[in-house]
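S.K.:
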Amino acid sequence: MVDYPSRNAVAFATLAGMTGVAGSYMAAGYSREFLVAPIDDLVVRTTPGPIVAWTIENVGEQGHLLHIALSFGIATGLLAGAAIIGLHVARGCERPVIGVGLSGVLAWSLTAMITAEPLLAVGAAGPVTVFTAVGATPLAAPERDPSRRRALVSSVSALAFVGTAIGFRRLTTDDDTVGGEPLDEITDSGNGTTDDVEATLMREAEAKSLDIRGDVPGLVSTFEEFYNVDIAEFDPTLSPDDWSLTITGEVGDGVTVTFDELTDMPTERRFVTLRCVGEGLNGQKLDNAVWTGTPIKPLLEEADPEGECACAMLRAEDGYFVQFPIEALEDGLLAWGMNGRSLPQSHGHPVRVLIPGHWGETNVKWLTEIELLDEEMDGYWEQRGWHGTGPVNTVAKLWSDTVRDSENVEVAGHAYAGTRGIERVEVSVDGGGTWRDAELSEPLPGIDVWRQWRYEFEPDGSHEVVVRAIDGEGTLQPEERTDAFPSGATGWVTKTVHG
Ligand SMILES: Nc1nc2c(c(=O)[nH]1)N[C@H]1C(S)=C(S)[C@@H](COP(=O)(O)O)O[C@H]1N2
Ligand SMILES: [Mo]
Numbered sequence: 001m002v003d004y005p006s007r008n009a010v011a012f013a014t015l016a017g018m019t020g021v022a023g024s025y026m027a028a029g030y031s032r033e034f035l036v037a038p039i040d041d042l043v044v045r046t047t048p049g050p051i052v053a054w055t056i057e058n059v060g061e062q063g064h065l066l067h068i069a070l071s072f073g074i075a076t077g078l079l080a081g082a083a084i085i086g087l088h089v090a091r092g093c094e095r096p097v098i099g100v101g102l103s104g105v106l107a108w109s110l111t112a113m114i115t116a117e118p119l120l121a122v123g124a125a126g127p128v129t130v131f132t133a134v135g136a137t138p139l140a141a142p143e144r145d146p147s148r149r150r151a152l153v154s155s156v157s158a159l160a161f162v163g164t165a166i167g168f169r170r171l172t173t174d175d176d177t178v179g180g181e182p183l184d185e186i187t188d189s190g191n192g193t194t195d196d197v198e199a200t201l202m203r204e205a206e207a208k209s210l211d212i213r214g215d216v217p218g219l220v221s222t223f224e225e226f227y228n229v230d231i232a233e234f235d236p237t238l239s240p241d242d243w244s245l246t247i248t249g250e251v252g253d254g255v256t257v258t259f260d261e262l263t264d265m266p267t268e269r270r271f272v273t274l275r276c277v278g279e280g281l282n283g284q285k286l287d288n289a290v291w292t293g294t295p296i297k298p299l300l301e302e303a304d305p306e307g308e309c310a311c312a313m314l315r316a317e318d319g320y321f322v323q324f325p326i327e328a329l330e331d332g333l334l335a336w337g338m339n340g341r342s343l344p345q346s347h348g349h350p351v352r353v354l355i356p357g358h359w360g361e362t363n364v365k366w367l368t369e370i371e372l373l374d375e376e377m378d379g380y381w382e383q384r385g386w387h388g389t390g391p392v393n394t395v396a397k398l399w400s401d402t403v404r405d406s407e408n409v410e411v412a413g414h415a416y417a418g419t420r421g422i423e424r425v426e427v428s429v430d431g432g433g434t435w436r437d438a439e440l441s442e443p444l445p446g447i448d449v450w451r452q453w454r455y456e457f458e459p460d461g462s463h464e465v466v467v468r469a470i471d472g473e474g475t476l477q478p479e480e481r482t483d484a485f486p487s488g489a490t491g492w493v494t495k496t497v498h499g
């Protein structure tokens, strides 16, 4: 029997684990069938609320890299575990093939169990088996190969495999992105009129956008510009053919609608602005789009709510859930279109709900179930300490300051107050001493839409610029500063601007 140093075994097992993760990626892509996806779900779900809130406020967008890295590490570790057991058995018995086979079976079972995709799990098991076999052959023992060349060759081939797997997947999945098709194609109205209405509204928004020199989005955010907040790193892939929505719980009559039934219902287009409760005071998780869908009210009436608390729990394919009053839900739109195209995957393909005036979290994506309740329950974010289902706070953002026409400074941004609407935006260039009205974009049709503002002044040294909005009810945006957690940021945005 040959003596194998244990360091050598750990190194081989790690390589095997890495190639297994790459193999799973090659088989499943960056989807919910990828081994890392369910692990990441679990990591996210079990992270304590205060840590989540702290990460959102202090790490921001990059926060998800932390849990993704951890999840990749766990996936690699699990498959490396399978390899190390296999190596141990292979090196300790007469017939190494038993150990090698064991590593494959273990890797396959783990992956199949975690992803519930037995066929795709072969993608992870294959490379683990191969690299365990390499590590188990006596040639890998240092006595036979003191030059360590074999270890080097193994590392290089493992990395090459990882690279090839990623490259292969990238090349072959270029064109199966979900969503973003012309609306006519998915609703088979076939008369060419569906997208025209949206196109007209988009032109209206374009025409009403202010001529702002700085880098401020227009009145309609593109798919790419529109912010994203997801509890899971991996978006559900739901085809309209498989999708249906059920209204259950405390109802006289349960209701189930398919995608075709839904898109046959009366169609409405609405400008609706979304804002996340977790964003910073001058953050950029505030966007607007033209949405196409059908009002939810007739479906709710058909279900005949009977619950004691007049509240509903909305559930989604990614495990997200949120609860709020039926009264707010009744004004909602079940949307399947965004900016004249079918909903993109990241914004809830094929159907999401849009609730006027409430924080972003009520706008459930990949919606599958509405359960009417007898008593109030916490939603996903409420369980983590947020109060994010109520009406949005009023805010005026200061998103750009630029020198214009060589001497004037232009400050600009968007203002939003949910269904209260924006009546005025005021700007101070002396730290709040005196105030002037900013120029405002003409309002777009709709009850829940932002407006753009801009203001120009001739600078004289350095200026403390402050901006504040007055909502449609005449209420001034509160000056007192609070953090986003737990009820959304408040205060006036200020910025020092040099002429
Ligand atoms: N199914 C599901 N719906 C969801 C979420 C989610 O993670 N899963 N995030 C919510 C939050 S917190 C916000 S702010 C909005 C963001 O929508 P967007 O990603 O389309 O901008 O979606 C809401 N709906
Ligand atoms: Mo959010």
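For the record, in the sequence shown the residue sitting at position 46 is 46 according to full-length UniProt numbering, with numbers rising by one throughout. Ideal placement from N, C-alpha and C gives every residue a C-beta, glycine not left out. It should be emphasised that the depicted structure is a prediction, and the values quoted were computed from it without experimental measurement.
Is there contact between the stretch 209-221 and the stretch 55-66, where contact requires at least three CB pairs shorter than 8 Å?
M.R.: The answer is no - the stretch 55-66 does not touch the stretch 209-221, with fewer than three Cβ pairs under 8 Å.
S.K.: Just to confirm the assignment, what range does the beta strand (DSSP E) spanning E371 have?
M.R.: Per DSSP, E371 belongs to the beta strand (DSSP E) from 367-373.
S.K.: Excluding the five sequence neighbours on either side, which residues of its own chain have a C-beta within less than 6 Å of the C-beta of V36, listed in chain order?
M.R.: The answer, listed in chain order, is S71, F72, A75.
S.K.: Just to confirm my understanding: we take F161, look at its own chain, exclude 5 residues before and 5 after, and list those with CB closer than 7 Å. What are they?
M.R.: Same-chain partners within the cutoff: T19, A22, P127.
S.K.: Inspect the beta-carbon positions of E371 and R424 and report whether they are closer than 9 Å.
M.R.: Their beta carbons are not under 9 Å apart, which means E371 does not touch R424 by this criterion.
S.K.: One question on the structure: do R275 and W359 come within less than 9 Å of each other, judged by their Cβ atoms?
M.R.: Cβ atoms of R275 and W359: closer than 9 Å.
S.K.: Taking 8 Å as the cut-off, is the beta-carbon of G348 closer than that to any non-hydrogen atom of ligand 1?
M.R.: Within the cutoff, so yes.
S.K.: Would the beta-carbon of W450 fall within 9 Å of that of I422?
M.R.: In this structure, I422 lies closer than 9 Å to W450 by Cβ.
S.K.: Could you check if G360 belongs to the surroundings of ligand 2, using beta carbon to heavy atom distance under 8 Å?
M.R.: G360 Cβ: within cutoff of ligand 2.
S.K.: What would DSSP say about N288, mapped onto helix, strand or coil?
M.R.: N288: strand per DSSP, three-state reduction.
S.K.: Taking its Cβ as the centre, do 16 or more other Cβ atoms sit within 10 Å of G254, making it buried, or is it exposed?
M.R.: G254 should be labelled exposed.
S.K.: What would DSSP say about S147, mapped onto helix, strand or coil?
M.R.: Only weak support is given to the placement of S147: the predicted model assigns it a pLDDT of 49, under 50, and the value that follows is read from those uncertain coordinates. S147: coil per DSSP, three-state reduction.
S.K.: What distance in whole Å lies between the Cβ atoms of V467 and L373, which are believed to be in contact at a cut-off of 8 Å?
M.R.: In fact, because the Cβ distance is near 41 Å, the residues do not count as touching under 8 Å.
S.K.: Compare the Cα-Cα distances from L106 to each of G92, L120, V97, G86 and report the closest residue.
M.R.: Comparing Cα-Cα distances from L106 to each of G92, L120, V97, G86, the minimum goes to G86.
S.K.: Considering H463, what are the terminal residues of the beta strand (DSSP E) in which it resides?
M.R.: Unbroken beta strand (DSSP E) run through H463: 462-471.
S.K.: Count the CB pairs spanning the stretch 316-329 and the stretch 268-288 that are closer than 8 Å, and state whether there are at least three.
M.R.: Touching, no, given that fewer than three Cβ pairs across the two stretches are closer than 8 Å.
S.K.: Determine the closest residue to T362 out of R341, M338, L334, T394, with distance taken between C-alpha atoms.
M.R.: Residue L334 is the option with its Cα nearest to T362.
S.K.: From the DSSP output, which residues share a beta bridge with S244?
M.R.: In the DSSP output, where bridge partners are listed per residue, S244 has T258.
S.K.: Which residues does DSSP pair with residue 512 in a beta bridge?
M.R.: No answer is possible for residue 512: it lies beyond the span of the chain, which begins at 1 and ends at 499.
S.K.: What residue does the beta strand (DSSP E) around D401 start on, and which one ends it?
M.R.: It spans 400-404 - the beta strand (DSSP E) in which D401 sits, taken as one unbroken run.
S.K.: Could you please give me the residues that DSSP links to W453 through a beta bridge?
M.R.: Beta-bridge pairing links W453 to G413, L440.
S.K.: Grab me the residues of R481's own chain with a C-beta within less than 7 Å of its C-beta, minus the 5 sequence neighbours each way, in chain order.
M.R.: These residues qualify, in order along the chain: T490, G491.
S.K.: State whether the stretch 228-239 contacts the stretch 341-349, with contact taken as three or more CB pairs (one from each stretch) at a distance under 8 Å.
M.R.: Flag = yes, the stretch 228-239 and the stretch 341-349 touch.
S.K.: Have a look at N408 and A415 and give me their C-alpha separation to the nearest angstrom.
M.R.: Cα to Cα, the separation comes out at about 22 Å.
S.K.: So, helix, strand or coil for N408, using DSSP?
M.R.: N408 falls in the strand class under three-state DSSP.
S.K.: Quick one: using the 10 Å Cβ neighbour count with 16 as the cut-off for buried, is E382 buried or exposed?
M.R.: Classification of E382: buried, given that the 10 Å Cβ count is 16 or more.
S.K.: Can you tell me whether DSSP reads I422 as helix, strand or coil?
M.R.: In this structure, I422 counts as strand in the three-state DSSP scheme.
S.K.: Could you tell me which residues DSSP pairs with S428 in its beta bridges?
M.R.: DSSP, once it has assigned bridges, lists V466 as partnering S428.
S.K.: Going by beta carbon distance, what residues of the same chain come within less than 7 Å of E268, once the five residues before and after it are set aside?
M.R.: For E268, where only same-chain residues beyond five positions count, the Cβ hits under 7 Å are G293, T294, P295, L333.
S.K.: Alpha carbon to alpha carbon, how far is T263 from M202?
M.R.: In a straight line, the C-alpha of T263 is about 21 Å away from that of M202.
S.K.: When we look at the beta-carbon of M113 and count the other beta-carbons within 10 Å, is it buried (16 or more) or exposed?
M.R.: Exposed, by the Cβ-count rule.
S.K.: Use the C-beta contact count for H387: other C-beta atoms within 10 angstroms, 16 or more gives buried, fewer gives exposed.
M.R.: Burial call: exposed.
S.K.: State yes or no: is the C-beta of K397 nearer than 8 Å to some heavy atom of ligand 2?
M.R.: Outside the cutoff, so no.
S.K.: Contact defined as beta carbons within less than 8 Å: I believe G17 pairs with L79. What is the distance between those atoms, to the nearest angstrom?
M.R.: Confirmed, Cβ separation roughly 4 Å.
S.K.: Which residue's Cα is closest to the Cα of A207: P443, R270, P478, R45?
M.R.: Out of P443, R270, P478, R45, P443 has the C-alpha closest to the C-alpha of A207.
S.K.: Checking the sheet assignment: what are the DSSP bridge partners for R269?
M.R.: Paired residues: T292.
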